[in-house]
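Undergrad: I'd like to ask you about the structure that follows.
Number of protein chains: 2
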Amino acid sequence: MSSKLLLLSNSSAPGKGYLEHVLPAIDTFLGEERTIYFAPYALADYDGYTAQVAKALKPLGISVIGLHTQQKPRETLASSAALFVGGGNSFRLLKSLQELDLISVVRERVASGALRYIGSSAGTNMACPSLRTTNDMPIVQPTSFESFGLIPFQINPHYIDPDPRFIYMGETREQRLLQFLEENDVVVLGLREGTWLHRDGQRLQLHGETGARLFRRGQQPQEIEPNSDLSWLLDVPAHFDQRA
Amino acid sequence: MSSKLLLLSNSSAPGKGYLEHVLPAIDTFLGEERTIYFAPYALADYDGYTAQVAKALKPLGISVIGLHTQQKPRETLASSAALFVGGGNSFRLLKSLQELDLISVVRERVASGALRYIGSSAGTNMACPSLRTTNDMPIVQPTSFESFGLIPFQINPHYIDPDPRFIYMGETREQRLLQFLEENDVVVLGLREGTWLHRDGQRLQLHGETGARLFRRGQQPQEIEPNSDLSWLLDVPAHFDQRA
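Shown next as structure tokens:
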């Protein structure tokens, strides 16, 4: 496994411009490669979204090509070196990826090390085994919740701590993730906004300034400090649909 | 259609006890009927959840029986007069309702006027044609997002207005519902916490003090005053999976 992944909690750190907080990380991650295909399917306006990403990455000398402009996106990905899957609604995104038959080609080429994968928000959800820890509304129905599975654990992007000023009778994010653990014995990493994961083969590292929160069945949620090595998460087995 | 529905945004109004804000409404809604079956499937602890509801309704002289205690819940519902579907995780709830084969019996008996239906939060999501406007995390995968369809439009329970004090880079609730409208031409009523809908046949009325917000494709979101008559919503056609 020589997978190369950059998984962003979200595309904008508070107070910063679109992708601004991760430009140096993207620059290093892509190495010599200066062309990236962009999957815009999580939003409705494919052209507008692709243009936004192209503008953000232009200072790095990176060309961005919308996958939706390709006649046969599956064949494009079978021979390309870098893919960026953008955020938006993860149900809409997964449904499109299924309809375009892109799941297996991305899974295989990332695992072989041939395709570098950048995900943001919903694009980071897609890198997990399943959609099950998304924050998004199920506005459309994908065939299955199974996603790329580029890592063996779940990420909750935009992870947010309970805020006592905020009066809301629904569940906090932590309560939602504990409900997930009632039904699934699978690690969940809550990535706070402005943080990201970098995977290079069997090495996994947390970046950004605000850290993460780790949830495991039967254990107290655990605070993960910025810049922690999380490679061990790549070896923890996942068991879905196993009620506690 | 002589459907009788009481659809609560949520089970606790801010600052009030469990179901406290709707006890008089439940009392009136049930009429002479003093036994209600409770569907606890949205939470993991069926017994504990049923006991909580039983305690809350005891002052009204109402007996609460957990559907999970019934050998054949489908047959129970085929001859009972009142059902309360409680909140929690709506994906887990719908999956259980499908596995127990309860969808069609509830749909038919409510439509005929034989079964009174009370829903709270996830239980209110179930009354809609689809799960698609839930706020919950998709912790398990139901066979389909289709739910009871006791009304022809969608409700978003726990509807919450944007709060400028709250720094979050993910979507606001309004943005999520606008994304729903990009993919579906279906009315959505955002029910603020502490509000509820009462349907009696072709009459539909909003109750509670904080009003609601109505979303329709191609229109500005519209504020709905407390105690508004919303019967007209029962005649608006719904078109799912129809991209704008």
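Chains A and B are the protein sequences, given in the same order. Just so you know, we're using numbering that gives the first Met the number 0 here: the first sequence kicks off at 0 and counts up by one. Just so you know, we're using numbering that gives the first Met the number 0 here: the second sequence kicks off at 0 and counts up by one. Every residue, glycine too, gets a C-beta built ideally from N, C-alpha and C.
#1: Does the beta carbon of A:Gly169 sit closer than 7 Å to a beta carbon anywhere in chain B?
#2: Tell me, which residues are paired with B:Arg202 by DSSP?
#3: With DSSP run on the structure shown, which of helix, strand or coil describes B:Phe147?
#4: Would you decide whether A:His251 is buried or exposed? Buried here means 16 or more other CB atoms lie within 10 Å of its CB.
#5: In chain order, what residues of the same chain lie with their CB nearer than 7 Å to the CB of B:Thr49, ignoring the 5 residues before and after it?
#6: In terms of residue numbering, what span does the alpha helix (DSSP H) encompassing B:Leu177 cover?
#7: With a threshold of 7 Å between beta carbons, is A:Val187 in contact with chain B?
#8: So what does DSSP say about B:Thr68, is it helix, strand or coil?
#9: Run down chain B in chain order and give the residues with a C-beta less than 7 Å from the C-beta of A:Glu182.
#10: Count the CB pairs spanning the segment 86 to 102 of chain B and the segment 143 to 157 of chain B that are closer than 8 Å, and state whether there are at least three.
#11: If you compare alpha carbons, which of B:Ile35, B:Arg175 and B:Phe28 is closest to B:Leu4?
#12: Is any beta-carbon of chain B found at less than 7 Å from that of A:Gln178?
#13: Give every residue of the same chain whose Cβ lies closer than 6 Å to the Cβ of B:Leu56, excluding the five residues on either side of it in the sequence, and list them in chain order.
#14: Would you tell me roughly how many angstroms separate the C-alpha atoms of B:Arg191 and A:Val235, rounded to the nearest one?
#15: Counting C-beta neighbours from all protein chains within 10 Å, is the total for A:Lys94 16 or more, i.e. buried, or is it exposed?
#16: Looking at the secondary structure, which residues open and close the alpha helix (DSSP H) in which A:Ser95 lies?
#17: Hey, B:Thr209 and B:Gly193: beta-carbon distance below 7 Å or not?
#18: DSSP three-state call for B:Gly118: helix, strand or coil?
#19: Determine, using beta carbons only, whether B:Pro137 and A:Arg131 come nearer to each other than 7 Å.
#20: So the beta strand (DSSP E) B:Lys3 belongs to, where does it begin and stop?
#21: Excluding the 5 residues preceding and the 5 following B:Tyr45 in the sequence, name in chain order all residues of the same chain whose CB lies nearer than 7 Å to its CB.
#22: How about B:Phe147 and B:Arg106: do their beta carbons lie closer than 7 Å?
#23: Quick one, are the C-beta atoms of B:Ser2 and B:Leu149 less than 7 Å apart?
#24: I'd like to know if A:Arg212 contacts chain B, where contact means its C-beta is closer than 7 Å to some C-beta of that chain.
#25: Whether or not the segment 3 to 18 of chain B and the segment 193 to 202 of chain B are in contact is what I'm after, with contact meaning three or more pairs of Cβ atoms, one per stretch, closer than 8 Å; do they touch?
#26: Identify the contact partners of B:Asn134 in chain A, using a Cβ-Cβ distance below 8 Å as the criterion.
#27: Check whether the Cβ atoms of A:Ser119 and A:Ser11 lie closer than 7 Å to each other.
#28: Just to make sure I have the definition right: I need the residues of chain B whose C-beta is within less than 9 Å of the C-beta of A:Ala43. Which are they?
#29: Pick out the complete alpha helix (DSSP H) segments inside the segment 7 to 74 of chain B, 4 residues or longer, and give them in chain order.
TA: Straight from the coordinates:
#1: yes
#2: B:Asp199
#3: coil
#4: Any answer about residue 251 of chain A is impossible in this case: the structure gives chain A only from 0 up to 243.
#5: Phe37, Pro39, Val63 and Gly65
#6: Arg172 to Glu182
#7: no
#8: helix
#9: Arg91, Ile138 and Val139
#10: yes
#11: Considering only alpha carbons, the answer is B:Phe28.
#12: yes
#13: Val63
#14: 41 Å
#15: Buried: at least 16 other Cβ atoms inside 10 Å.
#16: For A:Ser95, the enclosing alpha helix (DSSP H) covers residues Ser89 to Glu98.
#17: yes
#18: strand
#19: yes
#20: Unbroken beta strand (DSSP E) run through B:Lys3: Lys3 to Leu7.
#21: Excluding residues within five positions, the ones whose Cβ falls inside 7 Å are Pro39, Gly65 and His67.
#22: yes
#23: yes
#24: no
#25: yes
#26: Met136 and Gly169
#27: no
#28: Gln178, Glu181, Glu182, Arg242 and Ala243
#29: 22 to 29 and 45 to 56
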